[in-house]
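Visitor: Got a structure here, written out as structure tokens. Questions coming.
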Amino acid sequence: MPSDPTRPGAATPPAATTPSATTPAATTPSATTPAATTPSEAPGLLLVTGGAGFIGSAIVTAALDQGWRVRVLDSLRADVHATTSAADGIPAPTPGAGTAARPATAAGTTSGRDTRVEFVRGDVTDRSTVAAALVGVSVVCHQAAKVGLGVDFLDAPDYVASNELGTAILLAEMTRANVGRLVLASSMVVYGEGAYRRASGAPTPIVQGGTGDEQGEGVSVRPPARRVGDLEAGRFEPLDPSTGEELQPALISEDDPLDPRNVYASSKLSQEYLAASWARSTGGRVVALRYHNVYGPGMPQNTPYAGVASLFRSAIERGEAPRVFEDGRQRRDFVHVADVASANLAAIERTASAEPALFRAYNVGSGTVHTIGDLAEALSRFSGGLPPVVTGEFRLGDVRHITASSERLRAELGWAPSISFEEGVREFASAPLRAAVTPPRSSEDSASPTPDTAPGSLGATP
Ligand SMILES: NC(=O)c1ccc[n+]([C@@H]2O[C@H](COP(=O)([O-])OP(=O)(O)OC[C@H]3O[C@@H](n4cnc5c(N)ncnc54)[C@H](O)[C@@H]3O)[C@@H](O)[C@H]2O)c1
Numbered sequence: 487m488p489s490d491p492t493r494p495g496a497a498t499p500p501a502a503t504t505p506s507a508t509t510p511a512a513t514t515p516s517a518t519t520p521a522a523t524t525p526s527e528a529p530g531l532l533l534v535t536g537g538a539g540f541i542g543s544a545i546v547t548a549a550l551d552q553g554w555r556v557r558v559l560d561s562l563r564a565d566v567h568a569t570t571s572a573a574d575g576i577p578a579p580t581p582g583a584g585t586a587a588r589p590a591t592a593a594g595t596t597s598g599r600d601t602r603v604e605f606v607r608g609d610v611t612d613r614s615t616v617a618a619a620l621v622g623v624s625v626v627c628h629q630a631a632k633v634g635l636g637v638d639f640l641d642a643p644d645y646v647a648s649n650e651l652g653t654a655i656l657l658a659e660m661t662r663a664n665v666g667r668l669v670l671a672s673s674m675v676v677y678g679e680g681a682y683r684r685a686s687g688a689p690t691p692i693v694q695g696g697t698g699d700e701q702g703e704g705v706s707v708r709p710p711a712r713r714v715g716d717l718e719a720g721r722f723e724p725l726d727p728s729t730g731e732e733l734q735p736a737l738i739s740e741d742d743p744l745d746p747r748n749v750y751a752s753s754k755l756s757q758e759y760l761a762a763s764w765a766r767s768t769g770g771r772v773v774a775l776r777y778h779n780v781y782g783p784g785m786p787q788n789t790p791y792a793g794v795a796s797l798f799r800s801a802i803e804r805g806e807a808p809r810v811f812e813d814g815r816q817r818r819d820f821v822h823v824a825d826v827a828s829a830n831l832a833a834i835e836r837t838a839s840a841e842p843a844l845f846r847a848y849n850v851g852s853g854t855v856h857t858i859g860d861l862a863e864a865l866s867r868f869s870g871g872l873p874p875v876v877t878g879e880f881r882l883g884d885v886r887h888i889t890a891s892s893e894r895l896r897a898e899l900g901w902a903p904s905i906s907f908e909e910g911v912r913e914f915a916s917a918p919l920r921a922a923v924t925p926p927r928s929s930e931d932s933a934s935p936t937p938d939t940a941p942g943s944l945g946a947t948p
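Under the working numbering, the letters of the sequence shown match residues 487 to 948, in that order.
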């Protein structure tokens with residue numbers, strides 16, 4: 487059955503424009519040409535939306551280092567930024583976490599902040615604010631988003647407004663302002679589950695909810711949701727429905743099926759679709775970066791939106807053992823925030839030399855597979871805390887394994903991660919975290935840790 491690009495689980499990514507994620511290694515010669523690792527353009531003015539956030543602030547720092555002038559557009563969401571200074575309503579800088587990106591409410595108020603950064607406090611859903619923020623800009627790096635699973639479905643309008651409407655308004659205003667280059671923060675959550683193979687090594691063409699027509703050699707692979715009975719019995723590995731055997735986890739590639747499984751995930755995929763439509767209709771150039779489990783200084787603390795790395799760290803700081811769900815062997819790709827920032831710089835570079843109407847998606851992972859248990863153990867070791875406790879608890883809907891192939895990013899953009907797991911986790915064990923916020927609306931009990939940061943290893947009671 488031919489793949490339907492409009493189907494959420496389709497192998498086709500957003501609107502095939504020119505080279506697309508369905509077409510491995512691009513259909514045009516330039517897409518296969520590795521980008522130069524040294525910048526080939528004279529840096530101009532870069533707009534970083536969400537530039538006061540965890541990843542955005544690291545991008546700002548990296549861009550300044552490469553000579554870019556930077557403007558940040560950030561609404562300083564109350565559920566993200568806990569502390570504000572009495573003077574100007576700006577969050578207190580997080581030491582060592584891209585403080586350059588936490589400048590003023592308006593250009594000119596710069597106390598303790600990097601004067602090369604111009605700060606616009608505003609929402610990407612506000613057309614006139616976005617239009618003003620785009621003046622003189624050559625490239626946009628769009629990080630602003632409502633992140634994580636949220637509290638419950640009542641959050642859905644907020645996800646759609648911030649992430650989907652916000653992206654649509656940004657793209658419309660970029661069109662009006664003739665700004666033609668975009669780097670989009672996407673996420674591994676667009677895949678839903680990881681990729682798997684049969685124990686024999688042959689590709690296992692299982693498409694969740696599929697009829698079987700989709701099956702064929704090389705089709706990417708995902709098992710159906712795990713059954714409660716298996717999880718209760720401690721059988722955590724996804725099983726091959728046809729043989730009952732355990733499946734072998736494999737690296738996920740950009741050509742694998744897209745299967746967003748919650749509102750946040752569908753809003754991230756919608757951002758990709760919008761950006762691809764924009765590229766096709768305006769001739770703009772888009773690189774979408776699907777980040778895997780990002781960690782590093784400035785991660786949010788113990789909130790419903792915190793990732794598993796900071797949840798483990800917070801437990802250790804409270805003198806508690808990190809609690810690891812299932813058997814701790816869930817596989818993830820933990821990538822350091824500084825490497826995510828350098829991937830953004832490589833992507834910015836790519837949009838400079840790309841053919842018009844480019845939409846190209848890339849995984850951003852370290853390329854090394856570690857388990858949730860590895861992470862908890864390393865954090866305990868480096869912080870001198872209690873060793874982790876593997877609890878056997880589980881949460882329905884959690885992903886068992888998801889790990890990235892970042893070969894496309896390496897081959898086409900010349901990017902490589904520079905921080906090893908050991909080095910990064912050692913640093914993270916004592917790095918500053920972003921101040922905790924007051925839990926939103928409902929109690930934290932009903933919340934889940936963000937799927938962006940190791941779904942399912944710690945958090946609410948199943
Ligand atoms: N952290 C991860 O592991 C991870 C993984 C995959 C993808 N991502 C994506 O990376 C991007 C950055 O995530 P992060 O972890 O730095 O999150 P973050 O919450 O730390 O940063 C997001 C920033 O965007 C701002 N913001 C949110 N909505 C806004 C709006 N409507 N208008 C203006 N500003 C707004 C927030 O105030 C915040 O400063 C997001 O697009 C997220 O979906 C993150």
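Note that the Cβ used here is the ideal one computed from N, Cα and C, for glycine as well.
Verify whether the separation of the beta carbon atoms of S852 and Y777 is less than 9 Å.
Guide: For S852 and Y777, no; Cβs fall outside 9 Å.
Visitor: So, at 6 Å on beta carbons, what are the nonlocal neighbours of G582 in its own chain, with the 5 sequence-adjacent residues on each side left out?
Guide: Low confidence applies here, because G582 scores a pLDDT of 42, under 50, leaving its location unreliable; read the following figure in that light. Cβ within range, chain order: P783 and P918.
Visitor: Spell out the partners DSSP gives N779 in its beta bridges.
Guide: N779 is bridged to F820.
Visitor: Taking contact to mean at least 3 C-beta pairs separated by less than 8 Å, is the region 603 to 610 in contact with the region 549 to 564?
Guide: yes
Visitor: Going by the DSSP bridge assignment, what does R809 pair with across the sheet?
Guide: V875
Visitor: Per DSSP, what kind of secondary structure is E758 in: helix, strand or coil?
Guide: helix
Visitor: Thinking C-alpha only, which one of D860, S800, A617 and S763 is nearest A921?
Guide: S800
Visitor: How big is the Cα-Cα spacing for E718 and G769?
Guide: 52 Å
Visitor: Please return the same chain residues whose Cβ sits closer than 7 Å to the Cβ of T523, not counting the five positions on each side in sequence.
Guide: Reliability of the predicted coordinates at T523 is poor, the pLDDT of 43 falling under 50, and the value obtained from them is presented with this limitation in mind. Here the set comprises G900.
Visitor: Closer than 8 Å: is that where the CB of H778 sits relative to any heavy atom of ligand 1?
Guide: yes
Visitor: Can you tell me whether G730 is buried or exposed, with buried defined as 16 or more other CB within 10 angstroms of its CB?
Guide: Per the 10 Å Cβ criterion, exposed.
Visitor: Please work out which residues of its chain come closer than 8 Å, Cβ to Cβ, to A654, disregarding the five sequence neighbours upstream and downstream, and give them in chain order.
Guide: L760
Visitor: Taking the alpha carbon of L670 as the reference point, which residue from S728, E758, S891 and A711 has its own alpha carbon closest?
Guide: Measuring from the Cα of L670, the nearest candidate turns out to be E758.
Visitor: Give every residue of the same chain whose Cβ lies closer than 8 Å to the Cβ of Q629, excluding the five residues on either side of it in the sequence, and list them in chain order.
Guide: Same-chain partners within the cutoff: V534, T535, G536, G537, G539, I541, G542, I545 and A671.
Visitor: Should E806 go down as buried or exposed, given a rule of 16 or more other Cβ atoms within 10 Å for buried?
Guide: exposed
Visitor: For a quick check, are the C-beta atoms of N649 and S756 less than 9 Å apart?
Guide: yes
Visitor: So, for A663: in the same chain, excluding its five sequence neighbours on each side, which residues have a beta-carbon less than 6 Å away from its beta-carbon?
Guide: Correct list, in chain order: L620.
Visitor: I'd like to check one pair, S906 with F798: are the Cβ atoms closer than 9 Å?
Guide: no
Visitor: Using the DSSP secondary-structure output, state which residues sit across from Y848 in a beta bridge.
Guide: L775
Visitor: Whole angstroms is fine: what's the gap from V616's alpha carbon to Q734's?
Guide: 46 Å
Visitor: Output the boundary residues of the beta strand (DSSP E) element that contains R894.
Guide: R894 -> not in any beta strand (DSSP E); alpha helix (DSSP H) instead, spanning E893 to L899.
Visitor: Would you call the region 883 to 892 and the region 811 to 821 in contact, with 3 or more CB pairs under 8 Å?
Guide: yes
Visitor: From A765 to R713, what does the alpha carbon distance come to, in whole angstroms?
Guide: Those two C-alpha atoms are separated by around 41 Å.
Visitor: Alpha carbon to alpha carbon, what distance is there between P529 and R684?
Guide: Rounded to the nearest whole angstrom, the C-alpha separation of R684 and P529 is 48 Å.
Visitor: When you compare the CB positions of Y682 and P710, do they come within less than 9 Å of one another, or not?
Guide: no
Visitor: Taking the alpha-carbon positions, what's the E481 to G652 distance?
Guide: The structure shown does not extend to residue 481, since the chain spans only 487 to 948, so no value can be given for it.
Visitor: Could you give the C-beta distance for Y848 and V773, rounded to a whole number, given that I count them as a contact under 8 Å?
Guide: 7 Å
Visitor: Among all the DSSP beta bridges, which residues are the ones paired with V606?
Guide: L559
Visitor: Would you report the Cα separation of L656 and D742, rounded to the nearest angstrom?
Guide: 28 Å
Visitor: Is the beta carbon of R747 sitting closer than 9 Å to the one on V675?
Guide: yes
Visitor: Once DSSP output is grouped into helix, strand and coil, what is the label at E731?
Guide: Taken through DSSP and simplified to helix, strand or coil, E731 comes out as coil.
Visitor: Compute the Euclidean distance between the alpha carbons of A658 and D860, then round it to the nearest angstrom.
Guide: 44 Å
Visitor: Can you check DSSP and say which residues form a bridge with H887?
Guide: Per DSSP, none; premise fails for H887.
Visitor: Taking the alpha helix (DSSP H) that A528 belongs to, which residues open and close that run?
Guide: Where A528 is concerned, there is no enclosing alpha helix (DSSP H), given that its DSSP letter is neither H nor E.
Visitor: Going by alpha carbons, who is nearest to A829 out of S614, G715, G720 and E898?
Guide: E898
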